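Reading through the structure tokens given below for one structure.
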Amino acid sequence: MIEIRNLRVNVGEFKIHIEGFKINRGDYLIIVGPTGAGKTILLETIAGFHVPQEGKILLNGKDITNLPPHKREVSMVYQDYMLFPNMSVEENIAYPLRVRKIEWKKKVRNIAKKLGIEDILHRNPKTLSGGEMQRVALARAVITSPKLLLLDEPFSALDPGMRDNARRVVRDFIKELEIPTIHVTHDFSDAWVLGNKMGVMRNGKMVRFGVVEDVFADPQDDFVAKFLGASNIIKGIAGEMRNGLSPVEIDGLIVYTVDEAQAGDEVLLSIRPENIVLSYQKPTGSQRNVLPCRVVDINVEGHIVWISLKAGNIILKAMLTPNALESMGIEKNKKIYVSFKATATKIVRRI
Amino acid sequence: MRKDPLLFLVILLTSSFFGAYVFLFISFAIFLFLITRERKKEYIFFILLSLLSFIHPSLTIVSILWLLLVIEKDNFYRLFYALGAAFLVFIIFPILYLLLYFSPEVIFDSSLLNAIMVSITAATIATVISLIFALPLGYLLARRDFPGKGFLEGIIDVPIVIPHTVAGIILLLVFGSSGVWGAPLEEIGIRFYYALPGIIVAMLFVSAPFLINQVKEGVKKVDERYEYTAMSLGAGRFRVFWEIVLPQIKGNIMSGAVNTWARGISEFGAVMMIAFYPMIAPTYIYYLYTNFGLKEALPATAFLLLITLAIFTLMRFVSRRMEND
């Protein structure tokens, strides 16, 4: 269990102030936020690399605020993994055990087997692929079963195509070990796929904290909504796939996507605002989702107009130019059709 | 192998100062090298032009320039090659010329051998002491930011920029028999004036900055997050420095140590002022020259040059190997 109480940290020009949060054994906390929000500083402070000006960090009830990093049993994995270049893969994974003078040969072999990296143990870390590096870093971080695992953007150095697989590795592996984990990212799908708790950071503050579903469903803070809402993100239940289309039921409305999903799965749909088309006539065409909506809000931000639309209980955001807004004569409370292609509707699955 | 004219130019120019026969021999060797790779009549013209050196030594320049014009077609590079080669010859020729005066009997000059041993011993001790201070200082300057850091970094370079006789006077003032530090230390038996510790202190003063700066540059290149990661994995600060940082900067340490050692062994001004005796090799050469004249000093000088070059080449070789690891 890790608990943060009224933490203030100044590092150079960065300042963070976290009022407090708590996570328990088996919890996987995802902290999202834009670059510069102070996410990494928070992790580094929990790991003990920065001394807080104020506040407390409690690990399993013990105050570790002033404990040096190497005595905390809090493992940190950075986004570029920081595999020691002067050691082989095997020596890297064995490092935490050798530091503690624990017999390591067998343990390294076991963990390498679990992660499918037993064939690369003799290699130099510089020769590894991103996915291999990530697994080595993970093995090294958990081989001593630390009390807390900290992951700093663990997937951002990977190709987008490899992230799903990497997420699966992390989830299966860490869930099994039951090590409480704090994972910072700017990718909301990490939260949906891996997390059970979620925090949102902005300007050094935790502006939202809670169960993942709650934060997604009700962002509360305008900023949280905006940060998550670079896309429209809607929760629904997947249905049976037919003719290459999966129906997703959202509060009685059906939206189709070409992405695959298991029937009955709870999924998140993401629809980018720029892919949403507005029209007064009901559009026709295959593979297109059409929803009758009501305009609930219009926000002009420079050269972009954000339109909030309500379909059933869903709020969707669309993007227009000021010219289009004027020529279409869009006003609050007008009825309008929203349409978007099934190919522009992405599923974020819980794996 | 791409035929780059720089090496040819340097060899030809240098050989031209050793007389027409040497020049012609070298020219012919280069001619053979070129003609076996590429049959061009310009090369034959080059070897014919080199015969002009028999008329007057200065005419060697004609064939050298001809070769440059044949190999390099770009005027920009022609000029840069010519100037670059001229400077290299300015270093290489005097060194080679001195070596002509080497004679084997100096090997039996026990004063010279003694002086060389003192030099090597003092430079080695000075390098080891430098290392003890350079590691923490270089690390701090690379990792920490604080007001006045720029000023302190400037201070470290001061011994490099001040005239070495000035450095000698400063050290004499402080470490001399009646110096602020020298006097009390002499009471407990550590004497600097006219003694080995004086030589070491002088070498340390002028050469340690090279090692400090190298360590600083090395540590800067090691991502601090390696240290953070290692600490989070259970290693204490000292252990992280020893096992994670040092192995990653061993190339810098080695090349810094080579520079420090070389700077120490070549120091004369500061050492001479605090400790003329026991003589280090440069002091002995100076002594030979001032007491017996240039001619008498030449064989010993040539021998010292050979020894220094040999050690320096070996050290560079080792440090390169370590950097490439």
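These protein sequences, in sequence, are chains A and B.
Per this note's numbering, the first sequence starts with residue 1, numbered consecutively.
Per this note's numbering, the second sequence starts with residue 352, numbered consecutively.
For each residue, glycine too, the CB sits at the ideal point set by N, CA and C.
None of the values given here were measured: they were computed from a predicted structure.
Within its chain, find whatever has a CB closer than 8 Å to the CB of residue i; leave out the 5 residues flanking it on each side and keep chain order.
{"i": "residue 362(B)", "result": "377, 381"}
{"i": "residue 352(B)", "result": "Confidence at residue 352(B) is low in this model, with a pLDDT of 47, below 50, so the placement of that residue is unreliable and no value is reported for it."}
{"i": "residue 177(A)", "result": "142, 145"}
{"i": "residue 158(A)", "result": "130, 131, 134, 166"}
{"i": "residue 546(B)", "result": "626, 629"}
{"i": "residue 12(A)", "result": "none"}
Tell me which same chain residues have a C-beta within less than 6 Å of the C-beta of residue i, skipping the five on either side of it?
{"i": "residue 564(B)", "result": "none"}
{"i": "residue 29(A)", "result": "23, 182, 197"}
{"i": "residue 325(A)", "result": "305"}
{"i": "residue 611(B)", "result": "478, 481, 558, 561, 562"}
{"i": "residue 450(B)", "result": "653"}
{"i": "residue 155(A)", "result": "163, 166"}
{"i": "residue 192(A)", "result": "268, 348"}
{"i": "residue 355(B)", "result": "none"}
Name the residue from the options whose alpha carbon lies nearest to the alpha carbon of residue i.
{"i": "residue 97(A)", "options": "586(B), 405(B), 614(B), 429(B)", "result": "586(B)"}
{"i": "residue 274(A)", "options": "306(A), 299(A), 289(A)", "result": "306(A)"}
{"i": "residue 44(A)", "options": "174(A), 34(A), 69(A)", "result": "69(A)"}
{"i": "residue 239(A)", "options": "265(A), 58(A), 25(A), 100(A)", "result": "265(A)"}
{"i": "residue 393(B)", "options": "432(B), 461(B), 417(B)", "result": "417(B)"}
{"i": "residue 323(A)", "options": "21(A), 300(A), 308(A)", "result": "300(A)"}
{"i": "residue 438(B)", "options": "510(B), 403(B), 487(B), 364(B)", "result": "364(B)"}
Leaving out five residues on either side along the sequence, give the residues of the same chain with a beta carbon under 7 Å from the beta carbon of residue i.
{"i": "residue 549(B)", "result": "526, 543, 625, 626"}
{"i": "residue 63(A)", "result": "56"}
{"i": "residue 27(A)", "result": "180, 196, 197"}
{"i": "residue 531(B)", "result": "525"}
{"i": "residue 577(B)", "result": "595"}
{"i": "residue 435(B)", "result": "357"}
{"i": "residue 522(B)", "result": "552, 553, 556, 621, 625"}
{"i": "residue 395(B)", "result": "none"}
{"i": "residue 53(A)", "result": "8, 9, 10"}
{"i": "residue 60(A)", "result": "1, 147"}
So residue i packs on residue j, CB below 8 Å; how close in whole Å?
{"i": "residue 291(A)", "j": "residue 318(A)", "result": "Going by Cβ atoms, the distance from residue 291(A) to residue 318(A) rounds to 11 Å, so no, they are not a contact pair."}
{"i": "residue 256(A)", "j": "residue 232(A)", "result": "Contact flag wrong, Cβ pair sits at about 15 Å."}
{"i": "residue 294(A)", "j": "residue 243(A)", "result": "The Cβ separation is near 31 Å, so there is no contact."}
{"i": "residue 123(A)", "j": "residue 169(A)", "result": "Their Cβ separation, rounded to whole angstroms, is 18 Å, which puts residue 123(A) and residue 169(A) out of contact at 8 Å."}
{"i": "residue 575(B)", "j": "residue 495(B)", "result": "Not quite, the Cβ-Cβ distance comes to about 11 Å (not below 8 Å), so this is no contact."}
{"i": "residue 83(A)", "j": "residue 136(A)", "result": "6 Å"}
Mind listing the chain A neighbours of residue i? Cutoff is C-beta to C-beta under 7 Å, in chain order.
{"i": "residue 580(B)", "result": "76, 78, 82"}
{"i": "residue 595(B)", "result": "84"}
{"i": "residue 598(B)", "result": "86"}
{"i": "residue 672(B)", "result": "Neighbours of residue 672(B) on chain A: none; closest Cβ ~15 Å, over 7 Å."}
Under the DSSP definition of a beta bridge, which residues are partnered with residue i?
{"i": "residue 249(A)", "result": "237(A), 254(A)"}
{"i": "residue 75(A)", "result": "149(A)"}
{"i": "residue 299(A)", "result": "306(A)"}
{"i": "residue 62(A)", "result": "59(A)"}
{"i": "residue 183(A)", "result": "30(A), 151(A)"}
{"i": "residue 199(A)", "result": "31(A), 209(A)"}
{"i": "residue 15(A)", "result": "10(A)"}
{"i": "residue 289(A)", "result": "340(A)"}
{"i": "residue 232(A)", "result": "271(A)"}
{"i": "residue 345(A)", "result": "271(A)"}
{"i": "residue 316(A)", "result": "309(A)"}
{"i": "residue 2(A)", "result": "23(A), 59(A)"}
{"i": "residue 242(A)", "result": "245(A)"}
{"i": "residue 278(A)", "result": "338(A)"}
{"i": "residue 294(A)", "result": "310(A), 335(A)"}
{"i": "residue 266(A)", "result": "237(A)"}
{"i": "residue 54(A)", "result": "8(A)"}
Applying a beta-carbon distance threshold of less than 8 Å, which residues of chain A neighbour residue i?
{"i": "residue 428(B)", "result": "The contacting residues do not exist; residue 428(B) stays about 36 Å from chain A at best."}
{"i": "residue 680(B)", "result": "What the structure shows of chain B is the stretch from 352 to 676, and residue 680(B) is not part of that stretch, so it cannot be assessed."}
Mind listing the chain E neighbours of residue i? Cutoff is C-beta to C-beta under 7 Å, in chain order.
{"i": "residue 583(B)", "result": "In the structure shown, chain E does not exist; the protein chains are A and B."}
Quick one: which chain A residues come within Cβ less than 9 Å of residue i?
{"i": "residue 460(B)", "result": "Simply none; closest approach about 46 Å."}
{"i": "residue 590(B)", "result": "70, 99"}
Quick one: list the residues of chain B neighbouring residue i, beta-carbon separation under 8 Å, in chain order.
{"i": "residue 100(A)", "result": "585"}
{"i": "residue 44(A)", "result": "579"}
{"i": "residue 140(A)", "result": "584"}
Give me the chain B residues within the contact set of residue i, using Cβ-Cβ distance strictly less than 9 Å, ordered along the chain.
{"i": "residue 91(A)", "result": "Those within 9 Å of residue 91(A) in chain B number zero; the least Cβ separation is about 10 Å."}
At a CB-CB cut-off below 7 Å, which residues of chain B make contact with residue i?
{"i": "residue 337(A)", "result": "Result: empty, since nearest Cβ-Cβ is about 51 Å, beyond 7 Å."}
{"i": "residue 123(A)", "result": "Within 7 Å Cβ-Cβ: nothing; residue 123(A) doesn't reach chain B, min ~16 Å."}
{"i": "residue 96(A)", "result": "584, 585"}
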